[in-house]
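The structure appears right after this line, and notes come after that.
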Amino acid sequence: MSGLGQRKEEHWSAKQFDNYGFRRSDLKDIADKLGVNLDIPLDEITASGGDRKQETFSEEDISVLRSEIANLKDRIKKLMQERPSNLGEYRKDDPLLLAIQIRNNEWAKYDPDNDRATRGNQASIIQYLENKGFSNAQAKSIEMVACPIKRG
22 MSGLGQRKEE HWSAKQFDNY GFRRSDLKDI ADKLGVNLDI PLDEITASGG DRKQETFSEE
82 DISVLRSEIA NLKDRIKKLM QERPSNLGEY RKDDPLLLAI QIRNNEWAKY DPDNDRATRG
142 NQASIIQYLE NKGFSNAQAK SIEMVACPIK RG
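Those letters in the sequence shown? Residues 22 to 173, per our numbering, in order.
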């Protein structure tokens with residue numbers, strides 16, 4: 022049991038809460054500051070703010086928002102055209118998707134001025150891919166695509 026009469030998987034500290042894109046401890050800190058008890062069952066939580074005045078928008082505000090929506094739709098369309106098609110749709114181990122994920126994870130903190138300390142570890146990346154079932158040659162190829170620098 023974790024908390025007051027709750028099973029461990031239902032408590033705010035359970036692993037499943039990390040899937041929401043923030044750390045549990047951050048959520049707990051915010052909840053404590055706001056005076057929200059995270060141990061309250063969901064059916065007992067009531068919405069607040071129902072007595073707020075309805076906000077009205079001018080025609081100018083609406084026009085600006087419509088323009089912004091159109092710009093964002095154009096940007097999404099452009100980004101979708103730049104994205105490789107069928108990425109990860111037909112195979113869970115899509116080599117291009119893995120290369121992109123590796124570059125985003127292993128090379129995010131790369132600093133050319135501090136090359137050795139910040140570059141992705143080639144051997145560990147290849148080992149990781151081999152453990153996923155790729156041959157050594159395939160793993161080296163995926164690692165080479167993931168690597169944003171020319172190794173000497």
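Even glycine gets a Cβ: it sits at the ideal position worked out from N, Cα and C.
- Assignment of Q122 by DSSP, reduced to helix, strand and coil, places it in the helix class.
- In the DSSP assignment, R137 falls within the alpha helix (DSSP H) that extends over D136 to T139.
- Note on I83: under 16 other CB atoms within 10 angstroms of its CB, so exposed under the neighbour-count rule.
- In the DSSP assignment, L150 falls within the unbroken alpha helix (DSSP H) covering Q143 to N152.
- Taking 8 Å as the cut-off, the Cβ atoms of R140 and Y149 do not count as close.
- From the listed residues P116, Y111, A167 and K98, the smallest Cα separation to N125 is found for A167.
- The DSSP-derived three-state label of Q102 is helix.
- Between A144 and D136, the alpha-carbon positions lie close to 16 Å from each other.
- In the DSSP assignment, I163 falls within the unbroken alpha helix (DSSP H) covering N157 to A167.
- By the Cβ rule, the region 111-121 counts as touching the region 152-164, because three or more pairs are nearer than 8 Å.
- A straight line joining the alpha-carbon of E110 with that of M101 spans about 15 Å.
- The Cβ neighbour count for I61, taken over all protein chains shown within 10 Å, is under 16; the residue is labelled exposed.
- Here L59 is near A52, since their CB atoms are less than 8 Å apart.
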